[in-house]
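Before any comments, here is the structure.
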Amino acid sequence: MRWIGIVRILVILFTLLTTWYFAETIFSAKWEVKSLRHIFDKRSDDAVVPEKTHSKCGNEKNCPDNYFAFKIISGAASVVGPTICLEDKILMSSVKNNIGRGLNMALVNASTGELKHTGHYDMYSGDVKDVKLFLEKMTDGTLIFLASFDDPATKLDVQARELFSSYGSSFATKLGFRDSWTFVGGKGIKHKSPFEQHIKNDKETNKYDGWPEVLEMEGCIPRKMD
Ligand SMILES: *[C@@H]1O[C@H](CO)[C@@H](O)[C@H](O)[C@H]1NC(C)=O
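Residues 40 to 265 (the numbering used here) are what the sequence shown spells out, left to right.
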């Protein structure tokens, strides 16, 4: 009967397809096992080295030579102050007593990593003139490390926002009341900074009652060579 013929063909096709599928998955699983073993072998090699290497600023990865390791943690709501670490040194923190509500900024020599200035400016009730005065210290070859605390934006005007944009910020123009913001920029850099994070203050998504989540950003900045 024709029916039986068709069913037979379907069964054969199905068998072929599933066989192929299994062969395929087993084959790729073998590859995975192989690469896993490779990783374990590497691990056991590393285990010969007795001490675990310490990463600067407690970062996940070490930086190559001629890079500065940094970590920036923004303030948590209006309660916990921000921290800025560079090359294992805390530049700004509550313990150092050099942070405050608003914008927290550390200026660093991009060639040497030397801390030049720190400043914190209340952007809810302070004067943005003071921020612009501070930013005049941004000469060519200076890096800026910035962390928000509570409200970094209410008093920011177009001029101040443009200054941050000129240091490579993508978010300064849109920064709003109680947004979280971390940023590393430089005077005279040609591209947008890859080191910037921003979360909007949004009732729907806020982690805290009235504030968004804390930002934590770490990485390696190439030392300025010339
Ligand atoms: C950074 O330090 C070097 C060496 O001391 C100096 O020559 C350079 O002018 C400094 N740059 C800035 C922007 O301060």
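Yeah, the Cβ is synthetic: ideal placement off N, Cα and C, and Gly gets one too.
When you compare the CB of residue i with every CB in chain C, is at least one pair closer than 8 angstroms?
i	result
Glu252	The displayed structure is made up of one protein chain only, and chain C is not part of it.
On a Cα-Cα basis, can you pick out the residue from the options that is closest to residue i?
i	options	result
Leu254	Glu243, Asp218, His230	Asp218
Lys155	Leu130, Asp166, Val170, Phe234	Leu130
Glu252	Lys171, Asp265, Pro121	Pro121
Ser94	Gly258, Lys263, Met264, Arg262	Gly258
Ala192	Met177, His159, Gly207	His159
Phe222	Leu202, Lys110, Glu235	Glu235
Ser164	Trp220, Leu195, Lys242	Leu195
Tyr247	Gly114, Thr151, Gly139, Arg200	Gly114
Output the distance between the C-alpha atoms of residue i and residue j, rounded to the nearest integer angstrom.
i	j	result
Val118	Ile112	13 angstroms
Thr197	Lys231	Per the sequence presented here, residue 197 reads as Val, with Thr not at that position. The alpha-carbon atoms of Val197 and Lys231 are separated by roughly 18 angstroms.
Phe180	Ala186	According to the sequence displayed, residue 180 carries Gly and not Phe. Approximately 20 angstroms between the Cα atoms of the pair.
Lys171	Thr157	14 angstroms
Ile45	Thr244	57 angstroms
Asp127	Trp250	29 angstroms
Asp189	Asn137	15 angstroms
Ser208	Gly224	7 angstroms
Lys213	Ser132	26 angstroms
Is any non-hydrogen atom of ligand 1 found closer than 7 angstroms to the C-beta of residue i, if you look at the structure I gave you?
i	result
Ser150	yes
Gly225	no
Thr244	no
Gly180	yes
Counting C-beta neighbours from all protein chains within 10 Å, is the total for residue i 16 or more, i.e. buried, or is it exposed?
i	result
Val147	buried
Pro233	exposed
Phe210	buried
Phe216	exposed
Lys226	buried
Gly97	exposed
Asn143	buried
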